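Data block below; observations after.
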Amino acid sequence: MPLANALRRGETNLTLWSVMNAQQPLELLARSGVDSIVLDGQHGAYGESELIDSIGVCKAAQKPVLVRVPVDRPDLASRVLDFGADGVIAPMINSAAQASAFAAACKYPPLGERSWGPVRDLVLSQFPDPKSYFSSRNGQTLALAMVETREAFENIDEILAVEGIDGIFVGPADLSISWTGGALMEPATEELQNVIAMIAEKITAKGKIAGVYVTETKDIGLYHALGYRLITCASDLALLQSGVTNVMKAARDQIY
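The sequence shown runs 11 to 266 under our numbering.
In structure tokens:
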């Protein structure tokens, strides 16, 4: 089942965030037990050509893949979709106007303004012909707007009302920075948790997809209970760091 369809049915997707731009580790992780991969083209080490190659790695492993594009890059949103991404996450969407421009880049007419040219996606999706691909792709291509600022929270109803926006992905770290006027980067505060809960309520009330980046594994159940269904559990960098730390601790515990 396409990722978009599964999420709309309320199924949970536990995703891995990839920032390292390392093909062999990505291939290993894509063939592991994660439900999907997010390639980070904003803060990660990926360039545009590496994003395209890495989409292919994930699709070869039969793993759904989303791409977070840099801020204000609707052109790149269209491009990664042409090369097989199942959806795009756009950071710092603070207004309905920004959401509309993003959605237009992800959806074909009459819903949006995406131009025709699915260079690789037409092959990877295994549609029998371009016409059937075109008729179904808008529904199977996710456009997820990130809510990461107080301004975005204040405009969330208008953002959710934009046709073509399939859901909201919450960035708790940036949201906490914005919410406190730059005084604090701490999403675990009671106030921020209440805000994140309100966001989930608004998303689910509109029947759209709620996604969130969870930094502490112990909190996954909490966010799931709020209504979030696309949940980032870890990043490839964090897994590498924790793996080395755990191995070295276990080794030293036996010696010292």
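Beta carbons are placed, not taken as given, at the ideal position from N, Cα and C, and that holds for glycine. None of these values were measured; they are calculated from a predicted model.
- Leu-76 and Ser-42 do not touch by the CB rule: their CB atoms are close to 17 Å apart, not below 8 Å.
- Around the beta carbon of Pro-182, a 10 Å sphere encloses 16 or more other beta carbons of the protein chains shown; the residue is thus reported as buried.
- In this structure, Arg-89 lies away from Ala-100, with their beta-carbon atoms at least 9 Å apart.
- Scanning the stretch 167-221 for uninterrupted alpha helix (DSSP H) segments of 4 residues or longer gives 182-189 and 200-215, listed from N- to C-terminal end.
- Straight-line spacing of the CA atoms in Glu-161 and Asn-104 works out to 6 Å.
- Annotation for Arg-262: no beta strand (DSSP E) segment contains it, though the alpha helix (DSSP H) segment containing it runs 246-265.
- Sorting Ala-114, Tyr-143 and Leu-38 by C-alpha distance to the C-alpha of Ala-70 places Leu-38 at the top.
- Under the DSSP assignment, Leu-154 falls in the beta strand (DSSP E) whose first and last residues are 152-157.
- Within the stretch 104-161, the beta strand (DSSP E) runs of at least 3 residues that lie entirely inside it are, in chain order, 152-157.
- Going by DSSP, Val-79 is part of no beta strand (DSSP E) at all; its letter is neither H nor E.
- Within the same chain, Ala-210, Thr-214 and Ala-220 come within 6 Å of Gly-237 by CB-CB distance, once the 5 residues on both sides are set aside.
- For Lys-216, the closest of Ala-235, Ser-142 and Gly-177 by C-alpha to C-alpha distance is Gly-177.
- Pairing Ser-64 with Leu-49, the inter-Cα distance amounts to about 8 Å.
- Under DSSP, the beta-bridge partners assigned to Val-98 are Val-77 and Ala-153.
- In the pairwise beta carbon analysis, the stretch 105-114 is classified as touching the stretch 146-162: at least three pairs are separated by under 8 Å.
- In the same chain as Cys-68, and ignoring 5 residues on each side of it, the C-beta atoms closer than 6 Å to its own belong to Ala-40, Ile-47 and Val-75, in chain order.
- Thr-227 carries a helical assignment under DSSP once its states are collapsed to helix, strand and coil.
- Residue range 84-92 is occupied by the alpha helix (DSSP H) that includes Ser-88, with no beta strand (DSSP E) assigned at that position.
- Distance from the CA of Ser-252 to the CA of Pro-197, rounded to the nearest whole angstrom, comes to 21 Å.
- It is roughly 18 Å from the alpha-carbon of Gly-122 to the alpha-carbon of Phe-93.
- When DSSP states are grouped into helix, strand and coil, Asp-63 belongs to the helix group.
- Only exposed fits Lys-141, as fewer than 16 other CB atoms lie within 10 angstroms of its CB.
- In the DSSP annotation of this structure, the continuous segment of the alpha helix (DSSP H) that includes Asn-15 starts and ends at 13-18.
- With a threshold of 16 other beta carbon atoms within 10 Å, Ala-260 falls short and is exposed.
- Considering only Ala-113, Leu-91 and Leu-152, the residue with the shortest C-alpha distance to Arg-130 is Leu-91.
- Contact check for Ala-14 and Thr-151: beta-carbon distance about 7 Å, within the 8 Å limit, so the pair qualifies.
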